[in-house]
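K.L.:
The structure under discussion is supplied below as structure tokens; questions concerning it will follow.
In the numbering used here, the protein residues as written are 284 to 476.
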């Protein structure tokens, strides 16, 4: 039987507790921003800084919300009394399941959004188009709608897929975590990257 509790003197992988976990989170944020800047440098034709900032911040805010939701869900799933797997392995499992199932939800929404733009003439909802000159109010509306879609996707995936199968998922992932238990910092880096 796999024990969820660390043995005496043994550390456990923590997603957000301690300076190392915060350092890893900061590195992830810096890596994401660096990737966006590199992508902008590579794109042809290059968008204006304003449009790039609007597009990137909209995605960044929504992805930040999803990251927070993944952290919270992983901590909730790992804290249940009967759970064997720790928060870190639950985090990467949640990300994997949400990526597979969430793609279906998000792709369906994108099709519905495109239909709504065409049928009702809701140009403010046309993704990536903010008017000429660009209007921050249009960006805000798009950012709020997209963030809501991302959060709903996360909650639907958790409610419809993860919660009903939580016990089975826990049984499958707990042994995967065992080799990394003695190395909680390495486990944290592996699941975050």
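Beta carbons are placed, not taken as given, at the ideal position from N, Cα and C, and that holds for glycine.
Following the continuous alpha helix (DSSP H) through residue 237, name the residue where it begins and the one where it ends.
P.N.:
Nothing about residue 237 can be read from this structure; the chain reaches only from 284 to 476.
K.L.:
How long is the line joining the alpha carbons of residue 323 and residue 343, rounded to whole angstroms?
P.N.:
Residue mapping note: residue 323 aligns to position 40 of the chain shown, counting from 1. Residue mapping note: residue 343 aligns to position 60 of the chain shown, counting from 1. Going from the Cα of residue 323 to the Cα of residue 343 covers about 14 Å.
K.L.:
Measure from the alpha carbon of residue 410 to the alpha carbon of each residue in 403, 428, 416 and 402, then state which is nearest.
P.N.:
Taking the chain shown and counting its residues from 1, the one referred to as residue 410 is at position 127. Checking every option, the nearest Cα to that of residue 410 belongs to 428.
K.L.:
Could you give the distance in angstroms between the alpha-carbon of residue 373 and the alpha-carbon of residue 358?
P.N.:
For the purposes of this step, residue 373 is taken as the residue at position 90 of the chain shown. For the purposes of this step, residue 358 is taken as the residue at position 75 of the chain shown. Cα-Cα distance, rounded: 8 Å.
K.L.:
Assign residue 371 to one of two classes, buried (16 or more other C-beta atoms within 10 Å of its C-beta) or exposed (fewer than that).
P.N.:
Mapped onto the chain shown, residue 371 falls at position 88. It is buried - the Cβ of residue 371 has at least 16 other Cβ atoms within 10 Å.
K.L.:
Could you pull the start and end residues of the alpha helix (DSSP H) that residue 412 belongs to?
P.N.:
For the purposes of this step, residue 412 is taken as residue 129 along the chain shown, with counting starting at 1. No alpha helix (DSSP H) holds residue 412; DSSP gives it neither H nor E.
K.L.:
Can you tell me which of 436, 430, 441 and 438 puts its alpha carbon nearest to the alpha carbon of residue 338?
P.N.:
Counted from its first residue, the chain shown places residue 338 at position 55. Residue 338 has its Cα closest to that of 430, out of 436, 430, 441 and 438.
K.L.:
Three or more C-beta pairs under 8 Å: does that hold for the stretch 430 to 439 against the stretch 453 to 467?
P.N.:
The stretch 430 to 439 is not in contact with the stretch 453 to 467.
K.L.:
With DSSP collapsed to three states, give me the class of residue 468.
P.N.:
Within the chain shown, numbered from 1, the residue matching residue 468 stands at position 185. Residue state, collapsed to three classes: helix.
K.L.:
Residue 305: buried (16+ other C-beta within 10 angstroms of its C-beta) or exposed?
P.N.:
Against the chain shown, residue 305 aligns to sequence position 22. Classification for residue 305: exposed.
K.L.:
Note down, in chain order, each residue of its chain lying with its Cβ closer than 6 Å to the Cβ of residue 377, except the 5 sequence neighbours on either side.
P.N.:
Residue numbering aside, residue 377 sits at position 94 when the chain shown is read from its first letter. 353, 356 and 357, listed in sequence order.
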